[in-house]
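S.K.: All letters in the sequence shown, in the order written, are residues 6 to 135 by my numbering.
Glycine included, C-beta positions come from ideal geometry on N, C-alpha and C.
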Amino acid sequence: MRHRVKKIKFSQGRDANRMLVRKLVKNFVTHAKIETTLKKAKVLKSVVERLVEKAKKETEANKNYLFKALDDKSLVKRLYKEAGTSFKDKVGGYVRIVRLGIMREDGAETARLEWTRPVIAEKIIVKKAA
Numbered sequence: 006m007r008h009r010v011k012k013i014k015f016s017q018g019r020d021a022n023r024m025l026v027r028k029l030v031k032n033f034v035t036h037a038k039i040e041t042t043l044k045k046a047k048v049l050k051s052v053v054e055r056l057v058e059k060a061k062k063e064t065e066a067n068k069n070y071l072f073k074a075l076d077d078k079s080l081v082k083r084l085y086k087e088a089g090t091s092f093k094d095k096v097g098g099y100v101r102i103v104r105l106g107i108m109r110e111d112g113a114e115t116a117r118l119e120w121t122r123p124v125i126a127e128k129i130i131v132k133k134a135a
């Protein structure tokens, strides 16, 4: 029985699905929004919610969990600084899915994934030598 089991499967193999989700998460963290199919957006939402929950508290175990999911130290630091501080006082509901319509090419329903609160990104200012 599948009571309370929320699992969406893709048609590729297990490793390909993991890499697909990892790439979607990386793109979402870097660009703060992503447009994709509804099925992928639903999977991505649950993964990002878990990652943001870990990014709220900076411990060694949470760092290892985030690094395993993102595989990039700069993205882990960015998730701690931006999303972790923005959602410090909120419990769940960090990401929303906005349905966009149906693609003409293949009939797949598309959606946009975005943060529920504005995530403030630190801009790096490079000073030129005089």
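(1) Compute the Euclidean distance between the alpha carbons of R83 and N69, then round it to the nearest angstrom.
(2) May I ask which residues mark the beginning and end of the alpha helix (DSSP H) holding K47?
(3) Cβ of Y85 within 8 Å of Cβ of E54?
(4) By Cβ distance below 7 Å, which residues in the same chain neighbour M108 in space, the five residues on each side in sequence not counted?
(5) Do you know whose CA, among R19, E87, H8 and E63, lies nearest F33's CA?
M.R.: The relevant details are as follows:
(1) Taking the sequence shown and counting its residues from 1, the one referred to as residue 83 is at position 78. Taking the sequence shown and counting its residues from 1, the one referred to as residue 69 is at position 64. The straight-line gap from Cα to Cα measures roughly 15 Å.
(2) Against the sequence shown, residue 47 aligns to sequence position 42. L43 to A60 is the extent of the alpha helix (DSSP H) around K47.
(3) Translated into the one-based positions of the sequence shown, residue 85 becomes position 80. Translated into the one-based positions of the sequence shown, residue 54 becomes position 49. Their beta carbons are not under 8 Å apart, which means Y85 does not touch E54 by this criterion.
(4) If you number the sequence shown from 1, residue 108 lands on position 103. Excluding positions up to five away in sequence, the list reads T115.
(5) To locate residue 33, count along the sequence shown from 1; it is residue 28. Comparing Cα-Cα distances from F33 to each of R19, E87, H8 and E63, the minimum goes to E87.
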